[in-house]
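With positions in the sequence shown counted from 1, the corresponding number in my numbering is that position plus 84.
By construction, the Cβ of each residue, glycine as well, lies at the ideal position given by its N, Cα and C atoms.
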Amino acid sequence: QVQFVESGGGLVQPGGSLKLSCAASGSIFSSYVMGWYRQAPGKQRELVAIISSGGITNYADSVKGRFTISGDNAKNTVYLQMNSLKPEDTAVYYCKHVSVRGTYWGQGTQVTVSS
């Protein structure tokens with residue numbers, strides 16, 4: 085069964101940058117949608133950004149202009165470049181993969197924005 089593993093989280097100061105990666109451990113269907121979600125303590129999980137296998141992207145209003153989602157189909161990996169980070173971006177970030185084969189979540193990676 086395919087698994088998705090996030091990496092790249094950590095502690096960063098306000099205004100800083102991080103790049104998250106979500107890599108598939110096995111083969112994936114060629115047509116899919118992948119998304120980055122986040123969940124802060126005491127809050128519901130929310131959509132941050134999504135990308136289709138065809139490269140169409142969409143972002144939450146709160147991250148537009150600061151975050152960029154991209155994909156490398158050859159590496160079965162999706163990235164989230166996060167710039168101008170704010171304390172309110174602090175959360176556990178999860179990737180989600182959806183295709184005709186099913187829906188898969190990664191285990192999450194912690195992002196903490198603090199001085």
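Residue i and residue j look like a contact to me (Cβ under 8 Å); what is the Cβ gap, rounded to whole Å?
i	j	result
A108	V86	6 Å
What residues match up with residue i in a beta bridge as DSSP calls it?
i	result
F88	A108
G186	S183
G94	V195
Can you tell which of the options has its C-alpha closest to the C-alpha of residue i?
i	options	result
Y116	Q191, C179, T196	C179
P98	H181, Q194, G190, K170	K170
Y143	G186, S101, Q165	Q165
F140	G155, V96, S111	Here residue 140 is Ile; the residue named in the question, Phe, does not match the sequence. It is G155.
N157	F151, I135, D145	I135
Note down, in chain order, each residue of its chain lying with its Cβ closer than 6 Å to the Cβ of residue i, except the 5 sequence neighbours on either side.
i	result
S137	S115, Y116
Q194	G93, V176
Y188	F88, H181
D153	In the sequence on display, residue 153 carries Ile and not Asp. Excluding sequence neighbours, I153 sits near A133, I135, T141, L164.
Using a Cβ-Cβ cut-off of 7 Å (strictly less than) and excluding sequence neighbours within five positions of residue i, which residues of its own chain qualify?
i	result
V147	V132, A133
A124	T174, A175
V184	F113
G192	E90, V176, Y177, Y178
V182	Y116, V117
G190	F88, V89, E90, C106, Y178, C179
V96	L102, L169, V197
I'd like the list of long-range same chain contacts for residue i, defined as Cβ closer than 8 Å, with 5 residues on each side in sequence excluded.
i	result
K103	G92, Y163, L164, Q165, M166
Those runs of the beta strand (DSSP E) which lie wholly inside the region 110-183 and span at least 3 residues: 117-123, 130-136, 141-143, 151-156, 161-166, 175-183
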